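Colleague: In my numbering, the protein residues as written are 1 to 208. Ideal Cβ placement from N, Cα and C applies to all residues, glycine included. Note that the coordinates shown come from a computational prediction; the quantities given were computed from them, not determined experimentally.
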Amino acid sequence: MKSGIDLSHGYPDVRPQDDLFRHVNGKWIDTHEIPADRASDGAFHHLREKSEKNIRTIIEEAAASKAAVGTEAQKVGDLYASFMDEAKIEALGVSPLAEDFKKIQGIANLQDFARLLGELGRRGVSTPMSVFIEVDMKDSNSYIVYLEQSGLGLPDESYYKEDQYAEIREKYVAHIERMFNFAKLPDGAGAAKRIFELESAIAGFHYD
1 MKSGIDLSHG
11 YPDVRPQDDL
21 FRHVNGKWID
31 THEIPADRAS
41 DGAFHHLREK
51 SEKNIRTIIE
61 EAAASKAAVG
71 TEAQKVGDLY
81 ASFMDEAKIE
91 ALGVSPLAED
101 FKKIQGIANL
111 QDFARLLGEL
121 GRRGVSTPMS
131 VFIEVDMKDS
141 NSYIVYLEQS
151 GLGLPDESYY
161 KEDQYAEIRE
171 KYVAHIERMF
181 NFAKLPDGAG
191 AAKRIFELES
201 AIAGFHYD
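#1: Checking the sheet assignment: what are the DSSP bridge partners for Ser130?
#2: What separation, rounded to the nearest whole angstrom, lies between the Cα atoms of Ile29 and Tyr160?
#3: Quick one: Cα of Leu7 to Cα of Glu60, how far?
#4: Just the Cα atoms here: how many angstroms apart are Tyr80 and Arg194?
#5: Indicate the three-state DSSP secondary structure (helix, strand or coil) for Ser142 in the structure shown.
#6: Count the other C-beta atoms from every protein chain shown that fall within 10 angstroms of the C-beta of Val125, then say buried if there are 16 or more, exposed otherwise.
#7: Is it true that the CB of Arg22 sits closer than 8 Å to the CB of Pro155?
#8: Name the one or two DSSP bridge partners that Asp136 has.
#9: On the three-state DSSP scale, how would you describe Tyr80?
#10: What would DSSP say about Arg178, mapped onto helix, strand or coil?
#11: Consult DSSP for Gln105 and reduce its assignment to one of helix, strand or coil.
#12: Could you check how far apart the C-beta atoms of Leu185 and Ala192 are, in whole angstroms? I think they sit under 8 Å.
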């Protein structure tokens, strides 16, 4: 039987009792080049990329299958078709977001703010705090609510502080301003600056 453990990434001459991490991963850490479009890399990045490619294949096959009405494949295909209907998206503009803009402008206190965050979170909109239900790590027979850091528009906290991402930060702020202008919301430049400052403050509490 072939082992599922790849021994080529480690240093066998480093004793595991001295440094298990370098014994297993040392050579990979010393020689692997992180792709230019990300701040970190590893097995989970590659697994996510592979999963995304597989999911895209499933969705595109469902969209092309002309599946029977009412089937899961038909529903997935229709959803994908609506997502890719650029002509209709351009025609609608930001009108589908009008009700959300109204709710945001109507926030009067912290209770309203928390309530709207909960509503948006249930719809899959990113909020400063990610909430999800998963198996309790201390009791596998139970499920509990987990709270996790979130709230960043850039990939991770390093993009908000490291010099190598300075140009990306500038373009990101310009992008936020452009989105405000597209939506015909007031003070796009000022709002973009404040949003970036808020995200930077949130990033300061994220783990490295």
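Modeller: This is what the structure gives:
#1: Ser130 is bridged by DSSP to Glu148.
#2: 24 Å
#3: 37 Å
#4: The straight-line gap from Cα to Cα measures roughly 34 Å.
#5: The three-state reading of DSSP puts Ser142 in strand, counting E and B together.
#6: Val125 is classed as exposed because its beta carbon has fewer than 16 other beta carbons within 10 Å across all chains shown.
#7: no
#8: As DSSP reads the structure, Asp136 sits in a beta bridge with Asp139.
#9: It is helical.
#10: helix
#11: helix
#12: Wrong, their Cβ atoms sit about 11 Å apart, outside the cutoff.
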